[in-house]
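Colleague:
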Amino acid sequence: MYDRSVAEIGNEEADLKYSCRFINAPSGVIADREFNIKSIVSTSMGLTSILSMSTTRLPNELTISIQPSQASGTIYTNKLLTTSRTSSSEFLYDEISRNVLETLTPSDPPKRTISLKEVETISSYEIVNDDVIVGKQRSLTFLVPNQDPESIEFKMWKATGGFQARPIDVRDYDLIYKRIK
Numbered sequence: 274m275y276d277r278s279v280a281e282i283g284n285e286e287a288d289l290k291y292s293c294r295f296i297n298a299p300s301g302v303i304a305d306r307e308f309n310i311k312s313i314v315s316t317s318m319g320l321t322s323i324l325s326m327s328t329t330r331l332p333n334e335l336t337i338s339i340q341p342s343q344a345s346g347t348i349y350t351n352k353l354l355t356t357s358r359t360s361s362s363e364f365l366y367d368e369i370s371r372n373v374l375e376t377l378t379p380s381d382p383p384k385r386t387i388s389l390k391e392v393e394t395i396s397s398y399e400i401v402n403d404d405v406i407v408g409k410q411r412s413l414t415f416l417v418p419n420q421d422p423e424s425i426e427f428k429m430w431k432a433t434g435g436f437q438a439r440p441i442d443v444r445d446y447d448l449i450y451k452r453i454k
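The opening position of the sequence shown corresponds to residue 274 in this note's numbering, with each subsequent residue numbered one higher.
1) Are the CB atoms of residue 340 and residue 324 within a distance shorter than 8 Å?
2) Can you check whether the CB of residue 405 is closer than 8 Å to the CB of residue 453?
3) Which first and last residues belong to the alpha helix (DSSP H) in which residue 315 is found?
4) Ignore the nearest five residues each way along the sequence and tell me which others in residue 336's own chain have a CB closer than 6 Å to its CB.
5) Run through the DSSP bridge pairs and tell me what residue 373 is partnered with.
6) Among 292, 289, 377, which residue has its Cα nearest to the Cα of residue 387?
7) How should residue 306 be labelled, buried or exposed, when 16 other C-beta atoms within 10 angstroms of its C-beta is the threshold for buried?
8) In the DSSP assignment, what are the bridge partners of residue 366?
9) Nearest CA to the CA of residue 333: which residue from 313, 384, 289, 366?
10) Return yes when the Cβ of residue 372 is within less than 8 Å of the Cβ of residue 398, no when it is not.
11) Using three-state DSSP, classify residue 328 as helix, strand or coil.
12) Using the three-state DSSP reduction, which class does residue 321 fall into: helix, strand or coil?
13) Closest by CA to residue 380, which one among 346, 409, 444?
14) Taking the C-alpha atoms as reference points, what is the distance between residue 338 and residue 411?
15) For residue 296, which residues in the same chain have their Cβ closer than 6 Å to its Cβ, ignoring the five residues on either side in sequence?
16) How far does the beta strand (DSSP E) with residue 334 in it reach, from first residue to last?
17) Could you please give the first and the last residue of the uninterrupted beta strand (DSSP E) stretch that includes residue 450?
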């Protein structure tokens, strides 16, 4: 997977291209998170990957469950919590998500395994002109201890410093949003 990711750097054919939507509000322009997340998931994992999505608890919280066809029965449930800050030309955005990966292995009785991780995504967007917004994004992945001290997740969490919270994966992205007229 790492080698495939490295090979995709700079390859425009490998770029994820998806539709996004923004809404004019009295406080300014805001991203339509539900539409945008559905678009990203559908484009990257397929139209039927989304099992459920909920935004009912808090306005800055979203929960989505997905099951990509290539994930061999694994169900991913993500809870996303966002904060943001704006200025006249720059928009800063921080999103923290807890990912619950549930795998059901067919057997008698069926075996269920769960692993957890937290991802913090920090984004900075800048308006270039009326039709283009550019951004930089960094995603940091942290392990969360599993309840089972013998699990590989717990051992990896302990090996990476436990509660000292060092990321196990850091990814940087360049973003370009272009208005389609």
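Glycine included, each C-beta is placed from N, C-alpha and C at the ideal position.
Modeller: Well, looking at it:
1) yes
2) Against a cut-off of 8 Å, the Cβ pair of residue 405 and residue 453 comes out as no contact.
3) Annotation for residue 315: the continuous alpha helix (DSSP H) segment containing it runs 306-318.
4) 327, 352
5) In DSSP, residue 373 forms a bridge with 350, 389.
6) 377
7) buried
8) 357, 396
9) 366
10) no
11) Three-state result, residue 328: coil.
12) helix
13) 346
14) When rounded, the distance between both Cα atoms is 23 Å.
15) 303, 305
16) 334-339
17) 442-451
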